[in-house]
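Going line by line, the protein sequences match chains A and B. Residues in the first sequence are numbered consecutively from 64, following the numbering used here. Residues in the second sequence are numbered consecutively from 23, following the numbering used here. Backbone N, C-alpha and C define an ideal beta-carbon position, used for all residues, glycine too.
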Amino acid sequence: MAEAETKEPVVVTSGLTKVFRDFWGRPKVTAVADLDLEIRPREVFGLLGPNGSGKSTTLKMILGLLFPTKGRIAVFGRRPTDVATKSRIGFLPEESHLYPFLSARETLDFFGRLYHQDRYERSRRVDMLLEMVGLAGVAHRRIGAYSKGMQRKIGLAQALINDPDLLIVDEPTSGMDPIGTKQFKDLIRTLAARGKTVILSSHLLGDVEDVCDRVCILYGGREQALGDVDDLLRRESYTQITTDRLDAGTLQRVRAVLGEANRGMLEVRSPRDKLEDLFLRIVKEAQDRRVATGGSVGGGAVAEFLRTPAGAEATGRGVIDELVAASKEDEPAPEAAEPAAPAPPEPAGEVIEDLVEAPARRDEAPGPAEPPTETSPPPLPRTGEQADRAVIDDLVGRPNRREGDR
Amino acid sequence: MGGIWTVARETFKQCLRTKVAIVFAVLLVACLAALPSAMEGDGTLAGRIRTFLDYAKSATCVLLSLVVVLLSIGVVTGDVERRYAFVVFSKPVARWQYVLGRWLGVLLLGAVLLAGAGGAIYGLARYLRGRDDLVLRPEDRRAVETEVFVAREQVFPEPRDVAAVVAKRVRLHRENGTWDTLVQTYADKYELNLIQAAERVVADMRKDEATRAQSVPAGKSQTWTFRNVHPQGEAITVQGTVRAVSREAGAVTVSVPAELTGRLVIMGPVEVAGVTGRVAAIWKTRFRAVFHLEDMRSERLRTLKPGAGVRVVLRPTVQVSYKLSPARRDLVEPLRAAWAVRNPQTGFVYQIPPIEAPQNTRSTLVVPGEAIDANGTLRLRYVNYSPTSVTALDDDVSVYYAVGSFEANFAKAFLLVLMGLAFLAALGVFAGCWLSFPVACLLCLVMLGVGAGLHFLTEAVEMGLQYGSEPGLKWTYHVARYMLVGVKVVLPDLSATLGTEFLVEGVAVPGGYLGEAALLTVVLRAAILLALACWIFTRKELARVQVS
Numbered sequence: 064m065a066e067a068e069t070k071e072p073v074v075v076t077s078g079l080t081k082v083f084r085d086f087w088g089r090p091k092v093t094a095v096a097d098l099d100l101e102i103r104p105r106e107v108f109g110l111l112g113p114n115g116s117g118k119s120t121t122l123k124m125i126l127g128l129l130f131p132t133k134g135r136i137a138v139f140g141r142r143p144t145d146v147a148t149k150s151r152i153g154f155l156p157e158e159s160h161l162y163p164f165l166s167a168r169e170t171l172d173f174f175g176r177l178y179h180q181d182r183y184e185r186s187r188r189v190d191m192l193l194e195m196v197g198l199a200g201v202a203h204r205r206i207g208a209y210s211k212g213m214q215r216k217i218g219l220a221q222a223l224i225n226d227p228d229l230l231i232v233d234e235p236t237s238g239m240d241p242i243g244t245k246q247f248k249d250l251i252r253t254l255a256a257r258g259k260t261v262i263l264s265s266h267l268l269g270d271v272e273d274v275c276d277r278v279c280i281l282y283g284g285r286e287q288a289l290g291d292v293d294d295l296l297r298r299e300s301y302t303q304i305t306t307d308r309l310d311a312g313t314l315q316r317v318r319a320v321l322g323e324a325n326r327g328m329l330e331v332r333s334p335r336d337k338l339e340d341l342f343l344r345i346v347k348e349a350q351d352r353r354v355a356t357g358g359s360v361g362g363g364a365v366a367e368f369l370r371t372p373a374g375a376e377a378t379g380r381g382v383i384d385e386l387v388a389a390s391k392e393d394e395p396a397p398e399a400a401e402p403a404a405p406a407p408p409e410p411a412g413e414v415i416e417d418l419v420e421a422p423a424r425r426d427e428a429p430g431p432a433e434p435p436t437e438t439s440p441p442p443l444p445r446t447g448e449q450a451d452r453a454v455i456d457d458l459v460g461r462p463n464r465r466e467g468d469r
Numbered sequence: 023m024g025g026i027w028t029v030a031r032e033t034f035k036q037c038l039r040t041k042v043a044i045v046f047a048v049l050l051v052a053c054l055a056a057l058p059s060a061m062e063g064d065g066t067l068a069g070r071i072r073t074f075l076d077y078a079k080s081a082t083c084v085l086l087s088l089v090v091v092l093l094s095i096g097v098v099t100g101d102v103e104r105r106y107a108f109v110v111f112s113k114p115v116a117r118w119q120y121v122l123g124r125w126l127g128v129l130l131l132g133a134v135l136l137a138g139a140g141g142a143i144y145g146l147a148r149y150l151r152g153r154d155d156l157v158l159r160p161e162d163r164r165a166v167e168t169e170v171f172v173a174r175e176q177v178f179p180e181p182r183d184v185a186a187v188v189a190k191r192v193r194l195h196r197e198n199g200t201w202d203t204l205v206q207t208y209a210d211k212y213e214l215n216l217i218q219a220a221e222r223v224v225a226d227m228r229k230d231e232a233t234r235a236q237s238v239p240a241g242k243s244q245t246w247t248f249r250n251v252h253p254q255g256e257a258i259t260v261q262g263t264v265r266a267v268s269r270e271a272g273a274v275t276v277s278v279p280a281e282l283t284g285r286l287v288i289m290g291p292v293e294v295a296g297v298t299g300r301v302a303a304i305w306k307t308r309f310r311a312v313f314h315l316e317d318m319r320s321e322r323l324r325t326l327k328p329g330a331g332v333r334v335v336l337r338p339t340v341q342v343s344y345k346l347s348p349a350r351r352d353l354v355e356p357l358r359a360a361w362a363v364r365n366p367q368t369g370f371v372y373q374i375p376p377i378e379a380p381q382n383t384r385s386t387l388v389v390p391g392e393a394i395d396a397n398g399t400l401r402l403r404y405v406n407y408s409p410t411s412v413t414a415l416d417d418d419v420s421v422y423y424a425v426g427s428f429e430a431n432f433a434k435a436f437l438l439v440l441m442g443l444a445f446l447a448a449l450g451v452f453a454g455c456w457l458s459f460p461v462a463c464l465l466c467l468v469m470l471g472v473g474a475g476l477h478f479l480t481e482a483v484e485m486g487l488q489y490g491s492e493p494g495l496k497w498t499y500h501v502a503r504y505m506l507v508g509v510k511v512v513l514p515d516l517s518a519t520l521g522t523e524f525l526v527e528g529v530a531v532p533g534g535y536l537g538e539a540a541l542l543t544v545v546l547r548a549a550i551l552l553a554l555a556c557w558i559f560t561r562k563e564l565a566r567v568q569v570s
């Protein structure tokens, strides 16, 4: 990608407004109002908001499926209806709007043809995508016979058939099982690492938080907040410490130290495993035991053409190894690809030192410990490395530290 | 083109997997399977085949028209209503490519189904043609071979020149001072101005004189002249076997395939071993030819012996179709008519002695092609042997001559249907681009009905304007006429794309007719509808939500 091109915003909206009208043409609902967005290359951008807040309407205007009532949109510097622009876009709609009478293979082949891919390239990509979403075994079954989750997966596969520069996904994990959800989030990270731009609309805040660099929160069709996820989520007035298990005495000393620093302890608890991680581990074990299933299998191998530069040979390494390698080798600006973990604030370091080294000072100011309150400090976001390590552990069945804790 | 073809392929696949197409195929198979045994026609084999062709092709056209209309609407509205379009139009395919692809895909399916139905109809017609057990008389076989399984040109007689007689009548009216009164009477009766009334009087006189000229009194004759009769069929040559030779009677009996006996004409010329004789008798697979005694003594015929192989050549024939109507309504017995043709350039004469002819029913004579002169002119003479005057209208007398094969004509007739389907597919796609499925169906089915009945409606309105006696209704006919003018701009006459009459009558589909249908139905009307559809669809918000 040329340097000049990388600096051009991928999507720009200016005063974007959409008003829906009734049968007589009278304006009835303002779905989007005066929305100004600038989505930059290589970022994962989230559109957040409750139902009816204008997220999908905005995406449809970006795709040229709806025309703005007022304002302007430019996608790659052109009109959204420009056909040439569409060759750089992949779109996963909110529901699976795929032809039910076509099989998964025929569906991908059809869309591949629309991108004018030659037969060899089409066949190669279709095979890899089917493998990736775990539907290779049921590729000849008609989509109408698929479960909702399987339809979502094939919907995702069609959105990636052209290795898009801009991926637009509307409620991407709706209907997906936790395996699919995890794979999807892995995929988004992979694409971002390769310099792709992703626009993601969702009301599943966890998904957005896990993958997005920037978000725009909409309500009533209007922008309510816009900025980096970390900036928006960071709560500067709290500090969270994660350490090895502490006994009651040590905790008492910690309270004392905090009391000396005029700080209260809001909550003390053992960290819990995430249900998602537990689920994934159980499914992985079942797959290792080759338990029969009529549905989709794990799949998960991110298609080669989505991982490597065009023409590069497959390395034969594990999927996530590839992902990790891709993020290391291909990513010149890691901060744009992976949500960076916030650096621990300085005061936290001082508190740790105090906890370990200064038991004598415990008695100096034994202020009463504040009881835990309803308000919990935000958990530390996992760094990209942590995320990848957890996934590797899940896939290879290697016990990790938290497993040992259980 | 890539995008159009991709969408067309997908549309074809979609339509094939749609239940509508399956229902159509089942219905068509049921129809075609039942028709050959259910249809008897006039009892003859030719009549049975004609009726089968008529009903089978009409049923195919009706079913296919409905299928094409419903599918073409459904593939477009379905994409929008079920939101498949969201994904499709996130890909690099232009809206106009999509519209044309949808149209092409439905048309391809229509063409495949039409080809399948055409193949089945042709196969069943061939099967009926081979049913010798249904041939009651030798003429039946001849009718099958020369009037059904053939492509013929139809020529009508030269129009009679009655202008001089009419001019004389007008002059007499003027001289007698009755002209103005006559014109005024017409003006009052038909609500016309004086110029229109005068034109109407002259037209009626012309019709009156033409009718009078076409009435043949008992014992009198009538002659028609046909121009540009050029039979193009190759002479039929078969290898026969001599069954018997009678030198005293100058007759040779030869066994030949039924294909040839079906084309022979009593007293018509036939060439046996290079010598031309006349057909004296015809059986199912043999015929007897009579020769001049001098010819019998020729080297070629003298050596003929029973069991010997012999070459038989039959030159093309022409058919004369006619209908006779007696002046006396109470006459119950059949009419009697004698016919003759003569080629003045060669002196060839072919006569048919007085034969019975049914009243008011179309009948056919077979005349040797030798009767046509080098300029393509055929003069046909009719002698009325009935005890009453007989009317033989010029419009009811025509000559048919072979110009091509049945198979090529069959293909052309189905090509006509395909053009109609191309228009209907365009109509469906156009309606689907801006209407919901039920509304688009309603619009298209109404237009399909009007298009199929356009010829009938036009005639009915013209008749109403010409002969309607209720003054209060005149204005409705005028309104209907103007509405029909508008409808004709949009809709082609779909009955003209049926082409059934060509197959039933064994008449060649004229090249110009095909070209005109292609130009007016596909190039002009279908293309305009598709252009409009593209224009509308490009401006359509595919994800539009209408709130109440």
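Asked: Residues bridged to B:A271 (per DSSP); Found: Looking at the DSSP assignment, B:A271 forms no beta bridge with any residue, so it has no partner.
Asked: Contact with chain D by B:S94, beta-carbon distance below 7 angstroms; Found: Included in the structure are the protein chains A and B, with no chain D among them.
Asked: Members of the region 86-117 of chain B near chain A, C-beta cut-off 8 angstroms; Found: R104, R105, Y106, A107, F108, V109, V110, F111, S112, K113, P114, V115 and A116
Asked: Own chain, CB closer than 7 angstroms to B:R265, minus 5 neighbours either side, in chain order; Found: T275, V276, S277, R308 and P328
Asked: Three-way DSSP call (helix, strand, coil) for A:G207 in this model; Found: helix
Asked: Three-pair Cβ contact test at 8 angstroms for the region 56-70 of chain B versus the region 416-429 of chain B; Found: no
Asked: Continuous alpha helix (DSSP H) stretch holding B:S458: start and end; Found: Here B:S458 belongs to no alpha helix (DSSP H), and DSSP marks it neither H nor E.
Asked: Unbroken alpha helix (DSSP H) run spanning B:A60, endpoints; Found: K41 to A60
Asked: Within 7 angstroms of chain B by C-beta, residues of the region 128-154 of chain A in sequence order; Found: L128, L129, F130, V146, A147, K149, S150, I152 and F154
Asked: Residue span of the alpha helix (DSSP H) that contains A:P241, given as start and end; Found: P241 to A256
Asked: Exposure label - B:G508; buried when at least 16 CB within 10 Å; Found: exposed
Asked: Enclosing beta strand (DSSP E) for B:A482 [first to last residue]; Found: No beta strand (DSSP E) holds B:A482; the alpha helix (DSSP H) holding it covers L476 to Y489.
Asked: Residue-level contact to chain A via CB, B:V567, 7 angstroms cutoff; Found: yes
Asked: B:V251 beta carbon less than 7 angstroms from that of B:L400; Found: yes
Asked: Burial state of B:I44, where buried means 16 or more other Cβ atoms lie within 10 Å; Found: exposed
Asked: Under 7 angstroms between C-beta atoms of A:S265 and A:G218; Found: no
Asked: Minimum Cβ-Cβ distance from A:Y162 to chain B less than 7 angstroms; Found: yes
Asked: A:T80 vs A:G134 beta-carbon contact at 7 angstroms; Found: yes
Asked: Where the region 82-102 of chain A meets chain B: residues whose CB sits under 9 angstroms from a CB there; Found: F83, R84, D85, F86, K91, V92 and A94
Asked: Neighbouring residues, chain B, relative to A:K516 (Cβ below 9 angstroms); Found: Outside the displayed span of chain A (64 to 469) sits residue 516 of chain A, for which this structure offers no information.
Asked: For B:G138 and A:E157, the rounded distance between their alpha carbons; Found: 42 angstroms
Asked: Beta-carbon neighbours of B:E32, restricted to chain A and to distances below 7 angstroms; Found: F173
Asked: Under 7 angstroms between C-beta atoms of B:A219 and B:A209; Found: yes
Asked: B:D183 versus B:F370, B:D230 and B:D202, residue with shortest Cα-Cα distance; Found: B:D230
Asked: Identified DSSP bridge partners for B:Y144; Found: The partner list for B:Y144 (beta bridge, DSSP) is empty, contrary to what the question assumes.
Asked: Short-range partners of chain B found in the region 177-193 of chain A, where Cβ spacing is below 8 angstroms; Found: L177, Y178 and H179
Asked: Cross-strand partners of A:Q303 (DSSP beta bridge); Found: Note: A:Q303 sits in no beta bridge, so no partner.
Asked: Within chain A, partners of B:L564 - CB distance below 7 angstroms; Found: L128
Asked: Pairwise C-alpha distance: B:Y212 and B:R193; Found: 23 angstroms
Asked: Assigned secondary structure, A:I136 (DSSP; H/G/I helix, E/B strand, else coil); Found: strand
Asked: Against chain A: residues of the region 273-303 of chain B by CB proximity under 8 angstroms; Found: none
Asked: Assigned secondary structure, A:L198 (DSSP; H/G/I helix, E/B strand, else coil); Found: coil
Asked: Proximity test, Cβ basis, 7 angstroms: A:K216 and chain B; Found: no
Asked: Burial state of A:G207, where buried means 16 or more other Cβ atoms lie within 10 Å; Found: exposed
Asked: Nearest-angstrom Cβ-Cβ length linking B:V91 and B:L470, presumed shorter than 8 angstroms; Found: 6 angstroms
Asked: Under 8 angstroms from the C-beta of B:R72: neighbouring residues of chain A; Found: In chain order: nothing, as chain A lies at least about 41 angstroms away.
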